[in-house]
Each structure stands twice: as C-alpha cells, then as structure tokens.
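To keep things clear, I will list the structure first and then write my remarks on it.
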Amino acid sequence: MTGWRRSPTSRPSTTRRARAACTTAVAAGVALVTGCGVLPGEPGGSREPVTVMTFAPEETKATNMPGMMAMAKAYERWADARGGIDGHDLRVITCNERNTPQGAAHCARRAVKEGAAAVVGSYSQYGSFMAPLEAAGIPFIGGYGLSGEEFTSYLSYPVNGGQPALVAGNGRQLADYCAGVSLVRPDSINGDDLVQLLNSGLEEGNRDIPSADILAPDDATEYTEQATQARRRATQPTWTQTVSSGTRPGCVTAALGDRTETFFDSFRRLPEDGRHIRISSVIGSVGQPLVDRTGGRNGPFEGAYITGWYPDANDGRWDGMREVVMDHAFGDDRIDPADAGVQTTWIAYTVLERVIRALDSDAITPGRISHALDQGLEVSTDGLTPPLRWGYEDMLGAPGYPRIVNRSVTFQVVRDGRLVAQDKKFVDVGKTLMDAS
C-alpha cells in the first residue's frame, strides 16, 4: 500500500494562487492594498521556489533505501502545506541510484540539469556522484555516510560521522562488557580500516587487547566458517584470563552492511558449545526493521549491543518527524521512522530549512547555501544531533575523513525486541577517530 501523493499540478500552492490573483486584479484595474508582490500575512510570497534532489537505491538486488526518498517527498508536502520555507515553494526531485557507480553519477547529473540548489539526505556507497556536483557547485547535505567522498569533498556537509564513527564507538561500547571481541568485517581495503577503528575504541575504553580480525566476503550466501571462527576467538583463554571479572562474555560484532543479517543467521545456527557470547553491530548493518523481521524479542538480536548516530526511535525528539509522517505520508509503508536512512533524511532537510531561513533571500542558490555553511552557520537539529557547524575550525581533520563535524554516537541495546537507549547521552568519539588515524 502506498501513501497518498499530491500531484504537483493537482492543487496550486499558496504562492501560485496569490500570483494568479494579482494577475487578475491588475488586468481588471484593481489596486491591492498590499501590492501584487507579496501575499498578505506571508513573508516573501514572490520568492523563487527551491529545487533539491534526494537519491537512494530502490528495487535492486542489494541494499534498498526507498524510505529516504519517501521521507523527502513527505517533507515537501509538509513544507508546501505550511506555505513553503521562508516563502519559497520546495520542489523535491527523487532519483533511483540503483546501487551502482553509474546510477549515482546519473542522479548527480540530473540534479545539475534540473537546477537543484542542493542534494539532500541521500544514500550511495559510491562517491561517483560528487564530481558532477562539484563541477556545478551544488552542495551535498546530510548523506548517509557511506562513501569516502562525503567526508573529503569541500561541498559535502555531513550530519553524522558515518561508519568510521560507528565502528570507533562500537569499540568504546564493548570495552566495558566483553572479555574478548571478534570483528567480522568485509575482506576489502575499506574493511581494513574498520579493525583499527574498533581497536582504537577498545583502547580508549582501557582495553589493551585488540579484537580478533575475521575477514568475510561481502557477497557470500552463508558464513558458517566465519561464525565458527568468530565465536572461538572471542572467548580464547588468554583474553578471559586477562579480565578480572570472570562473568564477562565474549562478544562478536559484525559490520557487513546488508550481509550482516546473513552472517548472524549462520551464527545462530551453530550448535551450542557452552560459550557465553553476546552479539553486536552498528546502525546501517542492524536496525529496528531487521530486528523486527528476524523475530523481535525471540530473534537472534535480543540483547545485542548496537552503536548508532542518533537517539533511539522511541525518543521524544523524533515526535516532529513522526507527526509529519503521520500527516503527510500516512499509509506509505516505505517509511519506517525507526530506519536510520529515514532519520538521516529528516535531519538533512532540517538543516536545509534552517539554512534557507538564515539566508532570508528571494533566490536560494547553491553558492549561497555553501557559503553560509562554510562561514560557520550553526544549525540546531532539535537535539537529534549536537548543534552542527561546518566551519574550518569545526571539522575533525582526521586523515581519510577530515570533514566530520558530528563526532557523536549513541549506545543502544535490543531489549524486548526494541532498540532502546543504553545511555541517553551522546558519546564523543573524536579522539578515538584521531587516534585510529
């Protein structure tokens, strides 16, 4: 079932109706007290519309994130119902990225062709979209945080610390609870970075024992061999003897993206051998939708430690997003408010709105948006992240991801089938990321 969508031509916006009324009045020789440039009671009714794009993969055989584009369109309808953003109609274009480098580049070129002022809240593991955007000077606001270009391009304005922050934070989270840790990660160059990030987090949590590094192909259909090795090495005797408390379990954490579910399915099928093991992962590899479809409180993720970017989905700070989804995307089952992609899109559009209001201009251009952000405009996301600023002095500057400005993560745990906060506070992993570099 899909939600109700208003066709762009089915009902003219308030601004367009006002312009039509002015045209008729002038033709009839009627003088309007307020003038034909501004709608009474609405600031800047004649302001130009703002076109933006959101892209993400859908209908592919790999990771699909249709909820991000659906959230963007719901935001558009919400903004239109309120008279636009600071007098500007919002026009949201969506594009299927198709989980390919070619698809990502195609979406970027389309954004250029459509005259987008920004690309907002999008998802791609491929950085091929940045070159066309850079050539046109179009800012990229609040991507999901998968591609390296999101943390290196001078026109990227990330709202989270991406996978590096999650894995570093996961090490911090597990340091207090685990006798030993096995990391199951992709057998790739990008996967190599995850080991040092996790170990840096473990070290900052006063654990000087490195994780066991378990390499896994990212296209396998089962992981019995890796699961067996991870369980054994998480509880090897030398680690257990080093820990003063004999009650700590071994921990197995996996960061395999959409293959994480496949790994933990292989893990739960291992025959019992009496080992005390807790499982763990990071948002993006495990989230509430996955917990739900694998059995909830009776599934394999009950009790799992999860590191996220934002407050858990039950937190009251998400009430604004939930209200928009209820009023403007009711029945659209593509949108799950507990999904990190949907949440990131909401935060990215919150940033866009705050920037447009701060500019207070009749025309919103890519250059004006990026200039405002480069000059250190501080943006509040209503507590969903720490206040965000993208000035030079606000960036982490770590090799590989210098443009991280949000160094915070959250610690969560699956309890009674729900991802809930293990601690309500944000945890700053900036030092952990720098040490890993």
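Numbers 2 to 438, taken from our numbering, label the letters of the sequence shown in order.
Ideal placement from N, C-alpha and C gives every residue a C-beta, glycine not left out.
On a predicted model such as this, the values are computed, not experimentally measured, just so you know.
Residue i: first and last residue of the uninterrupted alpha helix (DSSP H) it sits in
{"i": "ALA80", "result": "67 to 82"}
{"i": "VAL326", "result": "320 to 329"}
{"i": "GLN413", "result": "Where GLN413 is concerned, there is no enclosing alpha helix (DSSP H), although the beta strand (DSSP E) it sits in stretches over 409 to 416."}
{"i": "ASP436", "result": "431 to 437"}
{"i": "GLY104", "result": "102 to 114"}
{"i": "HIS372", "result": "367 to 375"}
{"i": "PRO388", "result": "Per DSSP, PRO388 belongs to no alpha helix (DSSP H) and is neither H nor E."}
{"i": "GLN227", "result": "225 to 235"}
{"i": "GLN126", "result": "No alpha helix (DSSP H) contains GLN126, which DSSP labels as neither H nor E."}
{"i": "ARG269", "result": "261 to 269"}
{"i": "ARG173", "result": "163 to 176"}
{"i": "ASN200", "result": "190 to 205"}
{"i": "VAL292", "result": "289 to 294"}
N-terminal and C-terminal residue of the beta strand (DSSP E) that residue i is part of
{"i": "PHE152", "result": "No beta strand (DSSP E) holds PHE152; DSSP gives it neither H nor E."}
{"i": "VAL121", "result": "119 to 121"}
{"i": "LEU216", "result": "213 to 217"}
For residue i, the nearest candidate out of the options (CA to CA)
{"i": "ASN315", "options": "LEU257, VAL421, GLY206 and PRO301", "result": "VAL421"}
{"i": "GLY143", "options": "LEU353, ARG369 and ALA349", "result": "ALA349"}
{"i": "LEU397", "options": "THR153, MET70 and MET131", "result": "THR153"}
{"i": "SER438", "options": "ASP219, ALA213, ILE278 and LEU199", "result": "LEU199"}
{"i": "GLN230", "options": "SER371, LEU271, LEU353 and ALA256", "result": "LEU271"}
{"i": "ARG294", "options": "ARG279, VAL352, ALA73 and ASP266", "result": "ASP266"}
{"i": "ARG92", "options": "ASN100, GLY368, ALA109 and VAL121", "result": "VAL121"}
{"i": "GLU98", "options": "GLY85, MET72, GLY68 and PRO58", "result": "PRO58"}
{"i": "GLN344", "options": "LEU360, VAL325 and ALA359", "result": "VAL325"}
{"i": "TRP391", "options": "ASP274, VAL352, ASP424 and GLY138", "result": "VAL352"}
{"i": "THR1", "options": "ALA399, PRO140, ALA63 and ALA169", "result": "Residue coverage of the chain in this structure runs from 2 to 438, which leaves residue 1 outside it and unanswerable."}
{"i": "GLY149", "options": "ILE190, ARG260 and ARG83", "result": "ILE190"}
{"i": "TYR155", "options": "PRO218, ASP429 and ILE139", "result": "ILE139"}
{"i": "THR101", "options": "THR411, ARG78, PHE56 and GLY206", "result": "PHE56"}
{"i": "THR261", "options": "THR248, PRO218 and GLU273", "result": "PRO218"}
{"i": "PRO165", "options": "GLU354, PHE427, SER362 and TRP310", "result": "TRP310"}
{"i": "GLN237", "options": "ASP188, ILE210, ILE357 and PRO187", "result": "ILE210"}
{"i": "ARG406", "options": "LEU389, VAL415 and ILE278", "result": "Note on residue identity: the sequence assigns Val, not Arg, to residue 406. Checked all of LEU389, VAL415 and ILE278; the closest Cα to VAL406 is LEU389."}
{"i": "GLY317", "options": "LYS425, HIS329 and ILE215", "result": "LYS425"}
{"i": "PRO312", "options": "GLY296, ASN161 and ARG208", "result": "ASN161"}
{"i": "GLN103", "options": "ARG355, GLY332 and ALA132", "result": "ALA132"}
{"i": "ASN171", "options": "GLU151, ARG208 and ASP188", "result": "ARG208"}
{"i": "ARG83", "options": "ALA399, ASP328, TYR145 and ILE280", "result": "ASP328"}
Distance CB(residue i)-CB(residue j) smaller than 9 angstroms
{"i": "ARG276", "j": "GLY258", "result": "no"}
{"i": "GLN413", "j": "ALA339", "result": "no"}
{"i": "VAL185", "j": "ALA228", "result": "yes"}
{"i": "ASP462", "j": "ARG48", "result": "The displayed coordinates of the chain run from 2 to 438. Any statement about residue 462 would go beyond what the structure contains."}
{"i": "LEU203", "j": "ARG173", "result": "yes"}
{"i": "GLY401", "j": "ASP194", "result": "yes"}
{"i": "ARG298", "j": "PHE268", "result": "no"}
{"i": "MET253", "j": "VAL182", "result": "The sequence shown places Val at residue 253, not Met. Contact: yes."}
{"i": "GLY342", "j": "TYR127", "result": "no"}
{"i": "LEU147", "j": "THR308", "result": "no"}
{"i": "VAL292", "j": "GLY300", "result": "yes"}
{"i": "ALA444", "j": "CYS179", "result": "What the structure shows of the chain is the stretch from 2 to 438, and residue 444 is not part of that stretch, so it cannot be assessed."}
{"i": "LEU434", "j": "TYR306", "result": "no"}
{"i": "GLY431", "j": "ARG408", "result": "yes"}
{"i": "MET66", "j": "ILE336", "result": "no"}
{"i": "GLU394", "j": "GLY418", "result": "no"}
{"i": "CYS96", "j": "ARG78", "result": "no"}
{"i": "PHE264", "j": "VAL415", "result": "no"}
{"i": "MET69", "j": "THR366", "result": "no"}
{"i": "ALA75", "j": "ASP375", "result": "no"}
In DSSP terms, what residue i is bridged to
{"i": "ALA255", "result": "VAL185 and SER282"}
{"i": "ARG92", "result": "THR52"}
{"i": "ARG419", "result": "ARG416"}
{"i": "ILE357", "result": "Paired residue(s): none; ILE357 is not in a bridge."}
{"i": "ALA57", "result": "ASN97"}
{"i": "ILE442", "result": "Residue numbering for the chain in the displayed model covers 2 to 438; residue 442 lies beyond these limits and cannot be assessed."}
{"i": "LEU141", "result": "Per the sequence presented here, residue 141 reads as Phe, with Leu not at that position. Answer is VAL120 and SER157, bridged to PHE141."}
{"i": "VAL352", "result": "For VAL352, which the question treats as bridged, DSSP gives no partner whatsoever."}
{"i": "GLU399", "result": "A small correction: the amino acid at residue 399 is Ala; Glu does not occupy that position in the sequence shown. Its beta-bridge partners are TYR402."}
{"i": "VAL428", "result": "VAL410"}
{"i": "VAL380", "result": "LEU389"}
{"i": "ILE86", "result": "HIS89"}
Residue i: CB within 8 angstroms of a non-hydrogen atom of the ligand MN
{"i": "SER362", "result": "With respect to the ligand MN, the structure offers nothing, as it holds no ligand at all."}
Taking 8 angstroms as the cut-off, does the stretch 47 to 60 touch the stretch 107 to 124 (at least 3 CB pairs, one atom from each stretch)?
yes
If you pair each beta-carbon of the stretch 276 to 286 with each one of the stretch 379 to 390, do three or more pairs fall below 8 angstroms?
no
Assess, as a yes-or-no matter, whether the stretch 103 to 114 is touched by the stretch 359 to 376 under the definition of 3 or more beta carbon pairs within less than 8 angstroms.
no
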